[in-house]
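Only one structure is covered here, and it is reproduced in the block below.
In my numbering, the protein residues as written are 29 to 615.
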């Protein structure tokens with residue numbers, strides 16, 4: 029059955045939708061209820077990543093996904109950004125469970141940081157997602173053991189007032205699901221991340237007819253992935269990507285070194301298929317890549333002949349034209365395998381002239397410079413490089429505009445809510461929905477922290493928001509890096525730090541010796557003697573003047589005045605504003 033037939037069978041367009049508005053949207057409830065369903069997105073509606081949504085009915089809470097987001101270049105030193113769970117404080121016993129749509133870190137990565145703080149509720153996940161979550165949890169030995177339950181891609185779970193029904197949808201990782209949530213108010217369908225791919229690799233095409241059949245009973249609200257709402261047409265199929273990769277395998281004379289996102293299991297499977305077809309042995313390198321490969325292989329989500337997989341020692345014994353290295357580093361990360369190869373810093377691998385490097389990924393915004401450096405360094409060493417700008421060797425795992433239209437037509441909801449994307453992406457998805465026939469008044473464009481009350485025939489977004497600001501993870505610290513700390517780091521990164529140490533005689537109130545100066549990232553001391561002389565002179569004069577006029581002496585006030593006056597003086601002389609740190613020692 030083609031897309032057009034599926035849409036017709038589901039009852040699309042205004043006519044199909046009108047026929048549903050008169051019926052009860054949920055088979056889970058036979059009568060209308062005045063109690064609303066609360067929907068609270070804690071992340072994922074103003075960015076790509078940090079996905080976490082709460083569904084609450086009469087105080088009982090269901091959580092969908094618990095993801096992290098990677099920082100941008102305005103957040104020096106920050107490792108990850110996770111959702112804010114302040115709203116759940118005191119409600120731990122009312123959390124029925126956490127349902128995960130798939131194993132990407134923007135949907136599961138915050139679990140080790142959050143799950144123990146919200147009472148360690150049960151987690152429901154498909155086999156590969158469960159395997160990745162459990163593997164990641166081992167990196168946090170102090171964390172509580174997870175209460176994780178494996179579910180099938182087509183399964184049903186009842187969690188308090190919520191009846192969960194999972195359905196397979198294609199993405200670029202196996203075991204991905206969309207989720208029907210039946211509530212006393214009505215049925216919600218949350219797509220998670222998805223694309224409509226009729227020829228996936230290492231996965232079965234989603235059975236859209238089954239989804240349409242479930243939806244035909246009535247869907248009150250569709251919550252749909254907006255990541256590619258700006259992209260026209262259809263997304264590329266993984267089958268097409270594999271055909272282009274095969275062209276490279278046919279023509280490569282030496283080793284092939286391929287990198288992609290470590291979570292892009294379908295692409296790894298394509299590389300394995302081609303390696304075995306063209307008689308190449310496979311070395312998997314990089315901690316995350318190797319971990320995901322081993323979990324997927326163990327669960328049967330990656331199919332590979334054990335004799336095809338080799339160790340680094342075995343790699344040395346085989347001809348270059350018989351080797352494939354699959355590794356991390358598609359974003360130019362400093363510690364990843366490919367960048368270490370580029371810098372000639374890997375313990376046992378080196379780039380050779382004649383190597384073919386495949387970068388099978390898109391460049392994440394903010395990583396452009398690192399990726400360009402990576403390509404330059406590899407090409408200097410004689411590697412031939414293929415990437416997505418010169419050849420279709422990467423496809424997004426997210427639906428383009430035509431697929432988004434198909435999903436809306438299949439589900440034919442009363443209300444529509446775009447999710448997973450920046451505000452602009454959500455607005456683009458809203459326009460798609462309007463063009464398909466959803467009334468604008470029935471579309472919910474929300475932000476992180478919005479409290480949405482959904483009834484059978486209306487919705488309301490409260491003016492007062494739930495706390496949803498960034499919680500930053502820095503090393504072992506969770507949430508202790510706030511706006512003030514971040515601003516200080518930005519100042520130090522931009523203009524440096526200037527420390528001045530003043531020794532004061534507590535009896536005479538005089539500065540005993542010339543102040544010591546430490547400069548980091550501001551000026552080179554040896555070449556700035558005149559500036560430093562004037563700075564010391566001004567500091568001595570200022571400190572002695574304040575001490576003569578103030579009794580008793582408030583040293584905090586003295587430091588504050590030094591900070592202000594030196595800051596202005598240094599800006600006047602250099603047009604830079606370093607972080608000025610005065611240190612006063614009484615002797």
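We put the beta carbon where it would ideally sit given N, CA and C, even for glycine.
Subject >> Coil, strand or helix - residue 258 by DSSP >> reply: coil
Original post:
Which value, in whole angstroms, describes the spacing of the CA atoms of residue 247 and residue 417?
Top reply: 40 Å
Original post:
In angstroms, rounded to a whole number, what distance separates the CA positions of residue 200 and residue 174?
Top reply: 26 Å
Subject >> C-beta contact flag for residue 134 and residue 95 at 8 Å >> reply: yes
Original post:
Of all the alpha helix (DSSP H) runs that stay within the bounds of the segment 153 to 191, which reach a length of 4 or more residues?
Top reply: 155 to 165
Original post:
Between the C-alpha atoms of residue 549 and residue 463, what's the straight-line distance to the nearest angstrom?
Top reply: 54 Å
Original post:
Would DSSP call residue 586 helix, strand or coil?
Top reply: helix
Original post:
Would a C-beta distance cut-off of 8 Å place residue 203 and residue 130 closer than the cut-off?
Top reply: yes
Subject >> At least three beta-carbon pairs within less than 8 Å, the segment 483 to 496 to the segment 63 to 76 >> reply: yes
Original post:
Using the C-alpha atoms, what's the distance from residue 66 back to residue 316?
Top reply: 37 Å
Subject >> Endpoints, beta strand (DSSP E) assigned at residue 73 >> reply: Unbroken run through residue 73: none, as it is neither H nor E.
Original post:
If you draw a straight line from the alpha carbon of residue 171 to that of residue 412, how long is it in whole angstroms?
Top reply: 45 Å
Subject >> For residue 128, three-class secondary structure by DSSP >> reply: coil
Original post:
For the beta strand (DSSP E) that contains residue 611, what are its first and last residues?
Top reply: 607 to 614
Original post:
Which stretch, first to last residue, makes up the alpha helix (DSSP H) that contains residue 415?
Top reply: Segment 412 to 415 is the beta strand (DSSP E) holding residue 415; no alpha helix (DSSP H) there.
Original post:
So what's residue 57 in DSSP terms, helix, strand or just coil?
Top reply: Note that residue 57 scores a pLDDT of 45, beneath 50, so its modelled location is shaky and nothing firm can be said.
**OP:** Find the nearest neighbour of residue 63 within the set 137, 483, 447 and 253, judged by alpha-carbon distance.
**Re:** 483
**OP:** State the start and end residues of the unbroken alpha helix (DSSP H) segment that holds residue 457.
**Re:** 451 to 464
Original post:
Using the rule of at least 16 other Cβ atoms within 10 Å of the residue's Cβ for burial, across every protein chain shown, is residue 447 buried or exposed?
Top reply: buried
Original post:
Does DSSP put residue 419 in a helix, in a strand, or in coil?
Top reply: coil
Original post:
Between residue 233 and the ligand HEM, is the CB less than 7 Å from at least one heavy atom?
Top reply: You won't find the ligand HEM in this model; it holds no ligand whatsoever.
**OP:** Could you tell me whether the segment 447 to 462 touches the segment 279 to 299, using the rule of 3 or more Cβ pairs below 8 Å?
**Re:** no
Original post:
How many Å lie between residue 481 and residue 360 at the Cα?
Top reply: 43 Å
Original post:
Considering residue 623, what are the terminal residues of the alpha helix (DSSP H) in which it resides?
Top reply: The shown model of the chain, from 29 to 615, leaves out residue 623, and the question about it has no answer.
Original post:
Per DSSP, residue 193 forms a beta bridge with which residues?
Top reply: 184 and 208
Original post:
Exposed or buried, which one is residue 19 when buried takes at least 16 other CB atoms within 10 Å?
Top reply: What the structure shows of the chain is the stretch from 29 to 615, and residue 19 is not part of that stretch, so it cannot be assessed.
**OP:** For residue 615, count neighbouring Cβ atoms within 10 angstroms of its own Cβ and tell me buried if that reaches 16, exposed if not.
**Re:** exposed
**OP:** With DSSP collapsed to three states, give me the class of residue 320.
**Re:** helix
**OP:** Tell me, please, whether the segment 321 to 334 touches the segment 362 to 380 by the rule of three or more beta-carbon pairs shorter than 8 Å.
**Re:** no
Original post:
Do the CB positions of residue 524 and residue 606 come within less than 8 Å of each other?
Top reply: yes
Original post:
Do residue 290 and residue 356 have their C-beta atoms within less than 8 Å of each other?
Top reply: yes
Original post:
For residue 547, which three-state DSSP category applies?
Top reply: strand
Original post:
For residue 52, which three-state DSSP category applies?
Top reply: In this prediction, residue 52 has a pLDDT of 41, which is less than 50 and means its spatial position is unreliable; what the coordinates show is noted afterwards. In the structure shown, residue 52 sits in coil (DSSP, three-state: anything other than H, G, I, E or B).
**OP:** Assign residue 64 to one of three DSSP states: helix, strand, or coil.
**Re:** coil
Original post:
Which one of 488, 342 and 398 has the shortest CA to CA distance from residue 363?
Top reply: 398
Original post:
Is residue 440 helix, strand or coil when you go by DSSP?
Top reply: coil
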